[in-house]
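Residue numbers (the numbering used here): 1 to 351.
Think of the CB as a built atom: it goes at the ideal place given N, C-alpha and C, for glycine as much as any other residue.
Comments concern the structure below.
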């Protein structure tokens, strides 16, 4: 079976496994047309300037963690029920100054004092097509199991969409169930690509000064924070670089190996699998030469694969784009337009 995404034909077998079996039933292969969402009836809520929409006995509203010290835990009770382990993940991040409650704006549905549905909005600043672009990620979308099928997801989206339109250049989301958003103005960003380096690079790993950083060490955490703050964009085609991007990086690298070169003052995130070096992120306050970065890695590998747009490191003749298998499906609003040849969102900034 062949599908067309962004004028490129790919085989169904080449799409990530989570996508198989959903196309013919629910997912439209071409970009989803924009759907106009009618305005919701608005009622002013006196607590913290929140705005409410009443749906039967349920109340939908844009909430504010700073106005209610108990709100974060109440939201997390629901989120952790639907996504087990999420609360521990969020609390662990706060130890490293990656605060969920400071980064995310919650939209909730409340019924009889209980939060039964949630959607968060997380601002992300991108370098997109060589310009600064302010987007927002919809994340942690969930409805309490016994309240599903009653329109609460739709009502959340009716509140979230005008907020996104008013405050951001575009919006994005990551999901394993793209069919849930088929009635909203989102299109699937497939295919994504890895970039196999074909350039011959001379290595001299005898001079490597790489060491593993530990976020529990205050000095190491400070190195990470300083470099995230002062970094140059990884790619001019597509990369993440604002303070909430910093939080996403820390949340998504907890438990991963972060290595640091004092000589280059550079962080590198990589894996080596089946003889292949997968470089996921390079963070530095200056643009580094690709060969200088790679020669720091002392492990044995036979090929190099970049998992980000390589425009600042390699000429197009020095790599081959191959279909990637991202962990989840990225969807974007119609105002998110990628003008490069091969799309790749850096996975350490998903949510």
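Residues near residue i in its chain [Cβ-Cβ closer than 8 Å; skip 5 each side]
i, result
"residue 209", "261, 262, 263, 296"
"residue 89", "251, 254"
Residue i versus residue j - alpha carbon distance
i, j, result
"residue 253", "residue 308", "16 Å"
"residue 146", "residue 228", "41 Å"
"residue 342", "residue 64", "38 Å"
"residue 138", "residue 108", "13 Å"
"residue 178", "residue 320", "28 Å"
"residue 99", "residue 200", "42 Å"
"residue 300", "residue 207", "15 Å"
"residue 91", "residue 351", "15 Å"
"residue 77", "residue 222", "31 Å"
"residue 311", "residue 279", "14 Å"
"residue 75", "residue 174", "20 Å"
"residue 323", "residue 141", "28 Å"
"residue 81", "residue 347", "25 Å"
"residue 85", "residue 102", "20 Å"
"residue 250", "residue 94", "10 Å"
"residue 176", "residue 148", "18 Å"
"residue 157", "residue 235", "31 Å"
"residue 131", "residue 287", "17 Å"
"residue 150", "residue 224", "44 Å"
"residue 136", "residue 96", "22 Å"
"residue 187", "residue 211", "41 Å"
"residue 69", "residue 182", "35 Å"
Rounded Cβ spacing between residue i and residue j (contact assumed at less than 8 Å)
i, j, result
"residue 266", "residue 293", "7 Å"
"residue 185", "residue 328", "Contact flag wrong, Cβ pair sits at about 19 Å."
"residue 258", "residue 213", "5 Å"
"residue 345", "residue 330", "5 Å"
"residue 340", "residue 238", "7 Å"
"residue 268", "residue 195", "No, residue 268 and residue 195 are not in contact; Cβ-Cβ is about 16 Å, not under 8 Å."
"residue 115", "residue 143", "Contact doesn't hold; Cβ gap of about 10 Å is too wide."
"residue 118", "residue 172", "Actually they are not in contact, since the Cβ atoms of residue 118 and residue 172 sit about 18 Å apart, beyond 8 Å."
"residue 290", "residue 314", "6 Å"
"residue 316", "residue 275", "That belief does not hold up - the Cβ atoms of residue 316 and residue 275 are roughly 25 Å apart, past 8 Å."
Chain-order list of residues whose beta-carbon lies under 7 Å from that of residue i (same chain, five-residue window excluded)
i, result
"residue 285", "227, 230, 231, 232, 265"
"residue 217", "none"
"residue 335", "169, 170"
"residue 270", "277, 278, 279, 280, 297"
"residue 318", "197, 198, 199"
"residue 24", "For residue 24, the predicted structure reports a pLDDT of 28, less than 50, and the residue's modelled location is therefore unreliable. The matter cannot be settled from this model."
Cutoff 6 Å; reference residue i; Cβ partners in own chain excluding five residues on either side
i, result
"residue 110", "59"
"residue 133", "126, 169"
"residue 72", "65, 101"
"residue 255", "none"
"residue 220", "213, 214"
"residue 104", "120, 122"
"residue 272", "299, 301"
"residue 153", "143"
Interface flag, residue i vs chain B, CB-CB below 8 Å
i, result
"residue 317", "You won't find chain B in this structure, because it holds only one protein chain."
Heavy atom of the ligand COA within 7 Å of residue i beta-carbon
i, result
"residue 58", "Among the components modelled here there is no ligand, and therefore nothing to report on the ligand COA."
- prompt: Touch check for the segment 240 to 250 and the segment 117 to 130: three-plus C-beta pairs under 8 Å?
  reply: yes
message: Threshold first: 4 residues or longer. Then list the alpha helix (DSSP H) segments lying entirely within the segment 235 to 303, N to C.
response: 243 to 253, 290 to 294
- prompt: Which residue spans inside the segment 141 to 173 form an unbroken alpha helix (DSSP H) run of at least 4?
  reply: 152 to 167
- prompt: Just checking, does the segment 126 to 133 make contact with the segment 144 to 161 on the three C-beta pairs under 8 Å criterion?
  reply: no
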